[in-house]
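Visitor: Counting in the numbering used here, the sequence shown runs from 492 upward without gaps. Where a beta carbon is used, it is the ideal one built from N, C-alpha and C, also for glycine. What follows is a structure written as structure tokens; I'll ask about it next.
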Amino acid sequence: MTVKRLQNSPDTVPAYRDNLDQLRDALRRLDLLIQRRTVAFREAAPDPLRTDLTHVYISHEEVDHLLRSPGTVKVVHPEGRGIEKALESLGKEIHAKVTQSLRQGVFLALPQLAHIFSLSPFECDVLIICLAPELDRKYDKLYAYLQDDITRKKPSVDLALDLLCASETARWQGRNYFSSQAPLFRTGLLQFVEDMQSPSGSSDLSRFLKLDPRILSALLGSNHIDAALSDVSRLILPQPDPEPVFIDPAIHKNLLRFMQRHLSDQSKDRKKLAFHFHGPYGVGKKELAATLCGALNIPLLIIDTPLLLKDSRDIETPLRNAFREGLLQQAALFLEGIDIFNTDNTPRFFKTLHQAIAQYGWLCFLAGEAAWTQQPGLFQDMLFQSVHLPVPADPLQRAAWDYHLSALDAAKADHAKDWPAALAGQFRLSPGQMRDAVQSALARRALDGGESGITLGDLFSACREQSNQKLHEMARKINPRADWGDIILPESHIGQLKEICAQVKHRTRVFGDWGFDRKLSYGKGLSVLFSGPPGTGKTLAAEVIAHALGLDCYKIDLSGLVSKYIGETEKNLAKVFREAETSNAILFFDEADALFGKRTEVSDAHDRYANIETSYLLQKMEEYEGIVILATNLRDNMDEAFTRRIRFIVEFPFPDAAHRLAIWKRHFPKEAPVDEAMDYEWLSKKVQVAGGNIKNIVLNAAFLAAENGQVIGMDHLIQGTRREYEKIGKLWDDNRLDPAKEKAR
Ligand code: ATP
């Protein structure tokens, strides 16, 4: 085949049919380069491999035969005359056809790689030299022949320079393309492979060149994700109908506008755009990024960062490959889970990340739960924004529940139409947690062999499971079992407790539907103070409320959080509230007086800090959207300014005889063997103790009876009472506190 004379104007040349069509031409050009080199090679060593006839060799004839294979451009003269011309002509033809193809939207891998990685024509040629043996084994022989060694089938730096440089000066200049910092190697498109057989001390010229497997497949037109990344990444293509995101529409709108404006700037010095999305699990960080990218028709490559860098000492290569894949896919990058690198001793990660973005990034999202703590200047050469994504408030909460429940048959029933409001009113879950809760409620039902659909109760317990369980470390979880029937208090007090429950139940309607949230400058949380003597039922009341509302309840000993070190108390409190934020639990702070002791005139520095700590707690309580109950035995110690900011104050009275009677009776389970002659009336009149002591006495009596193999009778209770009196330091009067002795008198 001879090179046709083409008028190389892009308008008159046909476009390539496809990518392979262009590669075919690129190989034809390579064959010409090889022919040129062959001529020079033969001039230098007329019979190179025949000197030792015991060796296997490649003959000139064999090479000529290979170079005459179909498709190769025939050069007219054996001395190579005409090669330069043929090279020039084919070069122009390729250039014109590429231009025409790109104009017509034909995908060509090599020009695309050149564009993405800013490769020069020389570097593109090197890629083709490395690609050729992967497509046709004739190049193994040709390369071995030109390298004068039957074992050197791979292209080396030296061979590439020989093929591409027509003069010695050009060779020297060409060396720069083979430094490890040159684009081909920095981007990992090519790798050096040492020639093990070379005598030691050989120069870098002898190093072989190897095409990265991902780049090989890219050159062949495949766009499959790099095999090295397949387990740690996911590509989200722009969807016409994306999943809904339950994120404040204002945040969404502003970000989209910002991105649109930035990306429409086509100038060369446009800065890289990097976002840091932080917020609790399931809040929709990925979904937001995917929606934003979808709106701009950009694919999104999600990378599980901890998995990507797991067990890897070299974080640079995996990070670079991830960003390189983003470029190959023309996708924005989303690096999730970056929190684990947020420690003091890993600034290396952020530095390397910064480098990777600077070199290969254009649009990327970093995502984690924690706020940005890296040095502010680290990303100053880019457009960097850290965006907090909180758990959505109503009406997004309800909308998210609506969405996640919509697939459930049970939730379509008439009685279930209030479920979203009920769930949104009592839990503050992220949409991801809602999805998990629905899945886990369904799984639980299926495990229990439940025939019927899931119930609201199932969803409530699934929601509790989703709530942050980390509070366990700082607080004691109360398993709410007690019911309204278990607490004995005056009617008005029960009424107050029920009002507290109603405030939680109807929070959505009052704050959301009726717009009260917009009228309130601070918290919508519910702060409650329980005061009263020890053992009068404050903890029990919290348990009853938690049970009635289907919420978890955590008891935190406030005295354990208060520290004498300045600033430590706030840190401890912040930790509790941070963990609680996603737990939706009732926080029950016991011994609240440890902190809220009367804030008298500030007399010393320590008092001043105590005031700061108290204000801090109040502020946290107001911000917290769940119930916070503070319990104290010493109401009088409470500062007036402080109690004013509490929504409910319930004073637990010391129980009178009538209430004590009910409390005594409540404490015997129906399975327990109790003497029929038990005199509850006498006990309630004579044993003047609070419910907490009654509970202890009954339990002690039950053990005494069990030990003696008897039913629980008055004797055991008297004995139990004596012990309890001793414990609490109350005076025991044998004559008055024994019904038998009393009767005998
Ligand atoms: P403290 O101030 O010492 O923490 P408290 O006011 O929180 O005490 P609880 O722990 O609720 O008291 O009471 C202990 C136990 O006493 C309860 O679990 C319950 O068995 C019994 N009890 C106390 N008060 C009542 C009550 N009003 N009605 C029924 N049982 C009660």
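Anyone know if the C-beta pair for Q682 and D703 falls short of 8 Å?
Guide: Contact flag set, yes.
Visitor: For the alpha helix (DSSP H) that T808 lies in, which residues bound it at each end?
Guide: First-last of the alpha helix (DSSP H) with T808: E807 to L819.
Visitor: Verify whether the separation of the beta carbon atoms of F825 and G852 is less than 8 Å.
Guide: No.
Visitor: Please state whether DSSP places D900 in a helix, a strand or coil.
Guide: The answer is helix: DSSP assigns D900 an H, G or I state.
Visitor: For I831, I'd like the list of residues in its chain whose CB is within less than 6 Å of its CB, leaving aside the five on either flank, ordered along the chain.
Guide: Excluding residues within five positions, the ones whose Cβ falls inside 6 Å are P797.
Visitor: Between the C-alpha atoms of A847 and A1033, what's the straight-line distance to the nearest angstrom?
Guide: Roughly 53 Å separates the two Cα atoms.
Visitor: Give me the residue from E1167, V929, K777 and I829 with the minimum Cα distance to G859.
Guide: The residue with the shortest Cα to Cα distance from G859 is I829.
Visitor: Tell me the start and end of each unbroken beta strand (DSSP E) in the stretch 946-994 that is at least 3 residues and wholly inside, in chain order.
Guide: For the stretch 946-994, whole beta strand (DSSP E) runs of length 3 or above, ordered along the chain, are 967-969.
Visitor: Quick check on the DSSP output: the alpha helix (DSSP H) that includes E1116 runs from which residue to which?
Guide: No alpha helix (DSSP H) contains E1116, which DSSP labels as neither H nor E.
Visitor: Do you know how far the Cα of F613 is from the Cα of P674?
Guide: About 12 Å.
Visitor: Should T843 and E816 be called a contact, given that it needs their Cβ atoms to be closer than 8 Å?
Guide: The answer is no: Cβ separation not under 8 Å.
Visitor: Is L700 near V648, with beta carbons less than 8 Å apart?
Guide: Contact flag set, yes.
Visitor: Assign D616 to buried or exposed, taking buried as 16 or more other Cβ atoms, counted over all protein chains shown, within 10 Å of its Cβ.
Guide: Under this definition D616 is a buried residue.
Visitor: On a CA-only basis, which of F1133, D627 and E1116 is nearest E1104? Give me that one, please.
Guide: For the residues F1133, D627 and E1116, the minimum Cα distance to E1104 belongs to F1133.
Visitor: Going by DSSP, which residues form a beta bridge with H606?
Guide: Paired residues: none, contrary to the question.
Visitor: Do L601 and V513 count as a contact pair if the criterion is CB distance below 8 Å?
Guide: The displayed chain sequence assigns Gln, not Val, to residue 513. Yes, these two residues count as a Cβ contact at 8 Å.
Visitor: Please determine if the stretch 881-895 and the stretch 766-778 are in contact, where contact requires at least 3 C-beta pairs separated by less than 8 Å.
Guide: They touch, by the three-pair rule.
Visitor: Can you have a look at H906 and say buried or exposed, based on whether 16 or more other CB atoms are within 10 angstroms of its CB?
Guide: Classification of H906: exposed, given that the 10 Å Cβ count is below 16.
Visitor: Give the single residue among D909, S921, R919 and H895 whose Cα lies nearest to the Cα of V929.
Guide: The shortest Cα separation from V929 among D909, S921, R919 and H895 belongs to H895.
Visitor: Cβ atoms of D1166 and T1123: under 8 Å apart, would you say?
Guide: The answer is no: Cβ separation not under 8 Å.
Visitor: If I measure Cβ to Cβ from S1050 and keep anything under 7 Å in the same chain, skipping five residues before and after, which residues do I get?
Guide: If we look at S1050 and ignore the five residues flanking it on each side, its Cβ neighbours are E1082 and A1085.
Visitor: Classify V1093 as buried or exposed, calling it buried when 16 or more other Cβ atoms lie within 10 Å of its own Cβ.
Guide: Low confidence applies here, because V1093 scores a pLDDT of 47, under 50, leaving its location unreliable; read the following figure in that light. Burial call: exposed.
Visitor: Determine the DSSP secondary structure at H767, reduced to helix, strand or coil.
Guide: DSSP places H767 in strand when its eight states are reduced to three.
Visitor: For ligand 1, any of its heavy atoms closer than 7 Å to the Cβ of P735?
Guide: False, no ligand heavy atom lies under 7 Å from that Cβ.
Visitor: Tell me whether the stretch 585-592 and the stretch 646-663 touch, counting them as touching only if at least three CB pairs, one residue from each stretch, are closer than 8 Å.
Guide: They do not touch, by the three-pair rule.
Visitor: Who are the near neighbours of R936 in its chain, counting only those whose CB is closer than 7 Å to its CB and skipping five residues on each side?
Guide: If we look at R936 and ignore the five residues flanking it on each side, its Cβ neighbours are I945 and D949.
Visitor: Are the CB atoms of L947 and W910 within a distance shorter than 8 Å?
Guide: Yes, Cβ-Cβ distance for W910 and L947 is below 8 Å.
Visitor: Runs of 3 residues minimum, wholly inside the stretch 1122-1206: which ones carry the beta strand (DSSP E) assignment?
Guide: Listed in chain order, the complete beta strand (DSSP E) runs (minimum 3 residues) inside the stretch 1122-1206 are 1139-1142.
Visitor: How many angstroms separate the CA atom of L800 from the CA atom of W863?
Guide: Approximately 20 Å, taken between the alpha carbons.
Visitor: In the DSSP assignment, the alpha helix (DSSP H) including S1050 goes from what residue to what residue?
Guide: Start and end: L1049 to L1052.
Visitor: Starting from I476, trace the alpha helix (DSSP H) both ways and give me its first and last residue.
Guide: A question about residue 476 goes unanswered here, because the residues of the chain that appear run from 492 up to 1236.
Visitor: Counting pairs of Cβ atoms below 8 Å between the stretch 976-984 and the stretch 1139-1147, do you hit three or more?
Guide: Contact between the stretch 976-984 and the stretch 1139-1147 is present, because at least three Cβ pairs lie under 8 Å.
Visitor: Let me make sure I understand the geometry here. Which of F875, E625, L869 and R926 has the alpha-carbon closest to that of W475?
Guide: No statement about residue 475 is possible, as the shown extent of the chain runs from 492 to 1236 and does not include it.
Visitor: In this structure, what does DSSP give as the bridge partners for C615?
Guide: Answer by DSSP bridge pairing: none, since C615 is not bridged.
Visitor: Which residue comes first and which comes last in the alpha helix (DSSP H) that contains H743?
Guide: Counting along the chain, the alpha helix (DSSP H) containing H743 begins and ends at P740 to L754.
Visitor: From what residue to what residue does the beta strand (DSSP E) around G859 run?
Guide: Run containing G859: L854 to G859, per the beta strand (DSSP E) assignment.
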